[in-house]
Structure formats: structure tokens, C-alpha cells
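Quick note: the sequence shown uses my numbering, first residue 1484, plus one each step.
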Amino acid sequence: MTEIYAPTPGYNFDSETLLESYRTYDAVEHAIDHLSDEGFPVEYLRVVGQGVTTVEQVEGRMTTARSTAKGAGVGVWTGLLFGLLLTVFLPASTVAGPVLVGIAFGALWGGALGFVAHYSTGGRRDFVSRKSIEASRYDLMVEQDFEDQAREKLALR
């Protein structure tokens, strides 16, 4: 049986206390930044997300044509890079040729790979999405030895 929860070695969670709770990560990040600006040793802080959920924002359809176009776009940049690297070893008068050939081959191969990659899924995932992890509350924890100092510095906001 595998342990899911593995505490950080050498860190004693019993010696910390709740400093403040925040509704957004930006707010807790701002508080830590303020403490850092005030000279507080921030290595004694810990952010604990409570009520953590995974959110997947669907951004649109993924078609074979769109996948081919995205692959071609990546291929253009890759071909440009290889074309520019190749010009380092060629005479200065032949710069445009290798760059244009690199772009053309990059677009062709990138488009082909994008097409094959999407076609091979068999339509199982015909959408584009972005995943994130969000919490309903972010607790700012501090080691007990530094609690008073942290509270004093947060009061200066």
C-alpha cells in the first residue's frame, strides 16, 4: 500500500500556527510579499490550500484542420531556428535560402505531425482545455517562534 501523504522531511508541522486566511492566492501572495519587504524571514511561512478542487476550462473545439495549423505554426518556428543555425556555417550571401527552406520544411513537417497526432486520437478528445487547481481558502501558516514578529509586520499594511 502506498502512502499518499508524505510530509516534508525535517519539517515539524506541529510547531506552526495559523497566521491569517485568505480567499484568493493573490491575497496570500501579497501578504507574503509584504512580509518579505519588511525583512521577515519568509522561509518560516507555509501556504496551505483548503478545499482544493481541479478546474478544467474548455476553450474550444480541436479539429484536424486546427491541429494541422497549430503543428505548422510550431514547425515554422522550428524551421526558422534550424535555418538560422545553418546560416552560421554558410557564406553570408546564402542566408535567405536556408532560412526559407527551413521555414517551408518546418511548416510541412509540423503540419503533418499535427494532423497525424490529432487523427490518431480517433476523436476521443476533440476539444482544447486548460486545467488548474484552485482552493476555497488559503491559510498562511508560520512557525510558532516567529508568530509575533509576523503579526507585527502584517499590522503595518
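Each residue gets a CB set at the ideal place from its N, CA and C atoms; glycine is no exception. Just so you know, these numbers come straight off a predicted model, no measurement behind them.
Quick one: what does DSSP say residue i is sitting in, helix, strand or coil?
i       : result
Phe1598 : helix
Leu1612 : The question names Leu, but residue 1612 is Ser in the sequence shown. Correct three-state label for Ser1612: strand.
Thr1577 : helix
Arg1544 : strand
Arg1549 : helix
Ala1510 : helix
Val1538 : strand
Just checking my contact of residue i with residue j at CB under 8 Å: how many whole Å lie between their CB atoms?
i       : j       : result
Ser1504 : Asp1622 : 5 Å
Ser1615 : Val1531 : Contact flag wrong, Cβ pair sits at about 18 Å.
Using the Cα positions of residue i and residue j, report the straight-line distance between them to the nearest angstrom.
i       : j       : result
Glu1710 : Leu1501 : The displayed coordinates of the chain run from 1484 to 1640. Any statement about residue 1710 would go beyond what the structure contains.
Arg1506 : Arg1529 : 16 Å
Ser1519 : Glu1542 : 37 Å
Thr1551 : Gly1594 : 4 Å
Gln1632 : Arg1640 : 14 Å
Ala1600 : Ala1587 : 20 Å
Tyr1508 : Phe1610 : 28 Å
Asp1516 : Gln1540 : 29 Å
Phe1512 : Arg1613 : Reading off the sequence shown, one finds Glu at residue 1512, where the question assumed Phe. So the alpha carbons of these two residues sit roughly 22 Å apart.
Gly1556 : Val1584 : 15 Å
Trp1592 : Arg1607 : 24 Å
Val1559 : Thr1546 : 20 Å
Val1625 : Leu1596 : 50 Å
Asp1628 : Thr1536 : 32 Å
Ala1489 : Ser1619 : With a pLDDT of only 44 at Ala1489, under 50, the local geometry of the prediction cannot be trusted, and the value read off the model is given with reservation. Straight-line Cα distance between these residues: approximately 23 Å.
Ala1514 : Gln1533 : 17 Å
Phe1565 : Phe1598 : 22 Å
Count the other CB atoms within 10 Å of the CB of residue i; is the residue buried (16 or more) or exposed (fewer)?
i       : result
Ala1548 : exposed
Pro1524 : exposed
Gly1562 : buried
Gly1605 : exposed
Gly1554 : buried
Ala1575 : exposed
For the alpha helix (DSSP H) holding residue i, just list the boundary residues, first then last.
i       : result
Gln1632 : Glu1630 to Leu1637
Glu1499 : Taken as a continuous stretch (DSSP letters only), Glu1499 belongs to no alpha helix (DSSP H), being part of the beta strand (DSSP E) at Glu1499 to Tyr1505.
List the endpoints of the continuous beta strand (DSSP E) containing residue i.
i       : result
Val1530 : Leu1528 to Gln1533
Arg1620 : Arg1620 to Glu1626
Give a yes or no on whether 7 Å exceeds the smallest Cβ distance from residue i to chain B.
i       : result
Glu1526 : No chain B is part of this structure, which consists of one protein chain only.
At a cut-off of 6 Å, is residue i close to the ligand NAP when judged by its beta-carbon and the heavy atoms of the ligand?
i       : result
Leu1528 : The ligand NAP is not part of this structure, which contains no ligands at all.
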